[in-house]
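*Asks:* Numbering-wise, the sequence shown is residues 43 to 202 according to the working numbering.
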Amino acid sequence: MFQRFAPSGHTRLIFATTLGLLLLLIATACSSGAAEKKTDSNGHNTEVVEVTFSVVEEGKLEFAPLNARVVVGKKVMLTLHNTGRLEHDLLVADIPAEIEADAGHGGDAGHAAAEVAVHTLPGTKASVVFTPTHPGTYEVLCTLPGHKDAGMVGHLVVVA
Ligand SMILES: [Cu+2]
């Protein structure tokens, strides 16, 4: 009598598969998101601040914006969006920082990130993730020959 109401092996398989997919969806939803929020060892919330420099090429070479401000100890995702027709890079000169080695997207693969720098081909973006460790004003420049002199220079201000 009760046997006809018991779930068949097939039904159980569908149930298990659905549950598995649901768990996968939940896991995916939790791991995505633009701003990564974490709690550091002191129990403070640390989040990634996104700073984007774009390239201006109409008549002159320039970063937009020319200057940006970040905070000591707060993780930064610095992106260069190359909206121009030339190759460009961005170097934050001599900035003391903890740099995440595998954070580069589209950057030069295979060498350890010793500097806060990204390199882009026309129409591409590249990012570097770092945490500034000392306050100060650091030069932001494109290291391609002539580009700094043409105007690709600005500043990153690190405030305490
Ligand atoms: Cu350039």
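Quick reminder that beta carbons are idealized off the backbone N, C-alpha and C, glycines included.
In chain order, what residues place their C-beta within less than 6 angstroms of a heavy atom belonging to ligand 1?
*Replies:* That gives 103, 130, 184, 186, 189, 194.
*Asks:* Exposed or buried, residue 140, counting other C-beta atoms within 10 Å across all chains shown (16 or more means buried)?
*Replies:* It counts as exposed.
*Asks:* Is the Cβ-Cβ distance between residue 134 and residue 186 less than 9 angstroms?
*Replies:* Contact: no.
*Asks:* Which residues mark the beginning and the end of the alpha helix (DSSP H) in which residue 190 is found?
*Replies:* Element bounds for residue 190: 189–192.
*Asks:* May I have the straight-line CA-CA distance separating residue 190 from residue 137, to the nearest angstrom?
*Replies:* Computed Cα separation, rounded: 18 angstroms.
*Asks:* Cβ of residue 123 within 9 angstroms of Cβ of residue 194?
*Replies:* Not closer than 9 angstroms, so no.
*Asks:* According to DSSP, is residue 111 part of a helix, a strand, or is it coil?
*Replies:* Residue 111: strand per DSSP, three-state reduction.
*Asks:* Of the residues 132, 104, 112, which one's Cα is nearest the Cα of residue 159?
*Replies:* For residue 159, the nearest C-alpha among the options comes from 132.
*Asks:* Give the DSSP-derived three-state secondary structure of residue 178 in the structure shown.
*Replies:* Correct three-state label for residue 178: strand.
*Asks:* Would you list the one or two residues that DSSP bridges to residue 122?
*Replies:* Answer is 95, 168.
*Asks:* In angstroms, rounded to a whole number, what distance separates the CA positions of residue 196 and residue 165?
*Replies:* In a straight line, the C-alpha of residue 196 is about 21 angstroms away from that of residue 165.
*Asks:* For residue 67, count the other beta carbons within 10 Å of its own beta carbon; 16 or more makes it buried, fewer makes it exposed. Which is it?
*Replies:* Annotation note: pLDDT 41 at residue 67 (below 50); position unreliable, no value reported.
*Asks:* Using CA coordinates, which residue listed in 169, 89, 157, 177 is at the minimum distance from residue 111?
*Replies:* Answer by Cα proximity: 177.
*Asks:* Cβ atoms of residue 201 and residue 114: under 9 angstroms apart, would you say?
*Replies:* Closer than 9 angstroms, so yes.
*Asks:* How big is the Cα-Cα spacing for residue 98 and residue 104?
*Replies:* C-alpha separation (whole angstroms): 5 angstroms.
*Asks:* From residue 95 to residue 183, what does the alpha carbon distance come to, in whole angstroms?
*Replies:* Cα to Cα, the separation comes out at about 11 angstroms.
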